[in-house]
Amino acid sequence: MPDLVVSITLFILALLIGIEVIGKVPATLHTPLMSGANSIHGIVIVGVVIVAAEANSPLSYVFIFLAAVLGTMNVVGGYVVTDRMLEMFKSDKKKDDSSAVKKGAR
């Protein structure tokens with residue numbers, strides 16, 4: 024019972040600290056922070072591989088499968104968001120080329 028109380032207390036403290044830290048992040052940095060955190064979430068996939076070596080019941084196989092699928096979705100989502108974010112900063116060559124042609128035509 025004392026271990027459960029310690030675990031719940033630690034979880035609540037981590038939750039409150041996380042809310043406080045994320046609340047202080049400016050809106051312009053929130054997307055890069057979340058995309059990086061999602062891609063770092065790959066550690067869950069490493070954990071799934073480690074736990075899979077110890078699995079011995081059908082229920083544990085179900086949880087391992089769910090953890091692997093959800094972890095993979097989170098990692099892929101992190102990279103997709105990061106790619107979209109980086110696309111916003113790329114210049115469009117077609118626009119640059121067409122503006123150069125227009126300037127030369129004048």
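With positions in the sequence shown counted from 1, the corresponding number in the working numbering is that position plus 23. Positions of the beta carbon are idealized from the N, C-alpha and C atoms, including for glycine.
Starting from the Cα of His130, find the closest Cα among Leu82, Asp106, Leu93 and give me that residue. Because the chain in this structure spans residues 24 to 129, residue 130 falls outside the shown range and cannot be described.
On the criterion of 16 or more Cβ atoms from any shown chain inside 10 Å, does Val29 qualify as buried, or is it exposed? Taking the first residue of the sequence shown as 1, we reach residue 29 at position 6. Residue burial is scored here from C-beta neighbours: Val29 has fewer than 16 other C-beta atoms within 10 angstroms and is therefore classed as exposed.
List the whole-angstrom C-beta distance separating Ala78 from Ile68, where the pair is believed to meet the contact cut-off of C-beta under 8 Å. The residue labelled residue 78 in the question sits at position 55 within the sequence shown. The residue labelled residue 68 in the question sits at position 45 within the sequence shown. Rounded to whole angstroms, the Cβ separation of Ala78 and Ile68 is 15 Å, and the two are not in contact under 8 Å.
Between the alpha carbons of Gly46 and Gly101, how many angstroms are there, rounded? Here residue 46 refers to the residue found at position 23 when the sequence shown is read from its first residue. Here residue 101 refers to the residue found at position 78 when the sequence shown is read from its first residue. C-alpha separation (whole angstroms): 20 Å.
Spatial neighbours of Ala90 in its chain, beta-carbon cut-off 7 Å, leaving aside the 5 residues before and after: Within the sequence shown, numbered from 1, the residue matching residue 90 stands at position 67. In the same chain as Ala90, and ignoring 5 residues on each side of it, the C-beta atoms closer than 7 Å to its own belong to Val67, Val71, in chain order.
Is it the case that the Cβ atoms of Val135 and Thr54 are separated by a distance below 9 Å? Any property of residue 135 remains undetermined from this structure, which presents the chain solely from 24 to 129.
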